[in-house]
Amino acid sequence: MTSVKLSHISIYCDEKSRHTSNPDDPYMVIGALSCPRERKEEFTQRINRMRKIHDVWREFGWKTLSPSRRDFYWALLDFFRCESELAFRCLVVDRNILDHEQYNQGDNELGFYKLYYQMLVHWLKPACVYHIYLDWQQNRTQRRFMDLRDILRRKLTGKAKIECLEPVSSRQIPLIQMTDLLIGAVGYAWNEKQGSAIKQDFCSDLAKVVGLRALKTTTMLSEEKFNIFHFTGR
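Just remember that our numbering sits 9 ahead of the position in the sequence shown, which is counted from 1.
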């Protein structure tokens, strides 16, 4: 019997506005960028070549988007547009609706990783093997990453396979930095920020690139290139 060749996919995750108490930032965004595992080194090298061309050596992301780095960030935007095997998904949630007392035993950290689960579980396809990397952050409970991995594995038994789910430093992973850029743009749009002309321009151009009228929207679950999921549950 011929064995089925499984596709190996790498996923790079990050989040925005988890810890803020700013009432002007009610929406938190958890998102991820995915690509075929056999192309991750190629994509990383291409980003690094762009960094060299534009003299960008420090960690990049949404916070560092500025007029002096415009050409670099629009090169990244064009890279994302042209590369069909790069895909993005994010979950947007109004932090004010989250009832951690009722649903998470008063543990907002547990609630946060439940949202991570929601962002990932509906994205992972059968007959694929996933290597998932989350930007490292300090947790009160050391097992958070392992628990998320184990719960996903149980849920996806007989479907997708989770080869690994582990924290990494975004400083070493340009694809996580690119995730930060994309979720930053979505968060900026959903929180209706207007303080930076270049960030507004980036949001507008990103929306055009992915075929949306604006980033403050939701997409069909079947949307593969740029998927925005507005979580309205608990």
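We treat Cβ as the ideally placed atom computed from N, Cα and C, and that holds for glycine.
| query | result |
| --- | --- |
| Beta carbon of Thr228 nearer than 8 Å to that of Tyr21 | no |
| Nearest neighbour of Asn200, chosen from Ser16, Ile18, Lys25 and Asp34 [CA to CA] | Asp34 |
| Start and end residues, beta strand (DSSP E) containing Asp103 | Ala96 to Asp103 |
| First and last residue of the uninterrupted alpha helix (DSSP H) at Met37 | Run containing Met37: none in the alpha helix (DSSP H); it sits in the beta strand (DSSP E), Tyr36 to Pro45. |
| Bridge-paired residues (DSSP) for Asp87 | In the DSSP output, where bridge partners are listed per residue, Asp87 has none listed. |
| Pro257 (DSSP reduced to helix, strand or coil) | Only positions 10 to 243 of the chain appear in this structure, which leaves residue 257 out of reach. |
| Contact the stretch 94–105 vs the stretch 124–137: 3+ CB pairs below 8 Å | yes |
| Contact under 8 Å by Cβ, Val138 with Glu175 | no |
| Buried or exposed by the 16-neighbour rule on C-beta atoms within 10 Å, applied to Ser19 | buried |
| Where the beta strand (DSSP E) through Asn236 begins and ends | Phe235 to Phe240 |
| C-beta atoms of Asp23 and Ile192 nearer than 8 Å | yes |
| Paired residues, beta bridge with Ser16 - DSSP | Cys137 |
| Three-state class that DSSP yields for Asp23 in the structure shown | strand |
| Reduced DSSP category for Lys61 - H, G, I as helix; E, B as strand; rest coil | helix |
| Range covered by the alpha helix (DSSP H) that runs through Met229 | Careful: Met229 lies outside any alpha helix (DSSP H) and carries neither H nor E. |
| Beta bridge counterpart(s) of Ile171 as assigned by DSSP | Tyr139 |
| Test: Lys14 CB closer than 8 Å to a CB of chain D | In the structure shown, chain D cannot be found, because there is only a single protein chain. |
| DSSP state of Asp214 mapped onto helix, strand, coil | helix |
| Short Cβ contact (8 Å threshold) for Leu184 with Thr73 | no |
| Span separating the alpha-carbon of Val218 from that of Phe89 | 9 Å |
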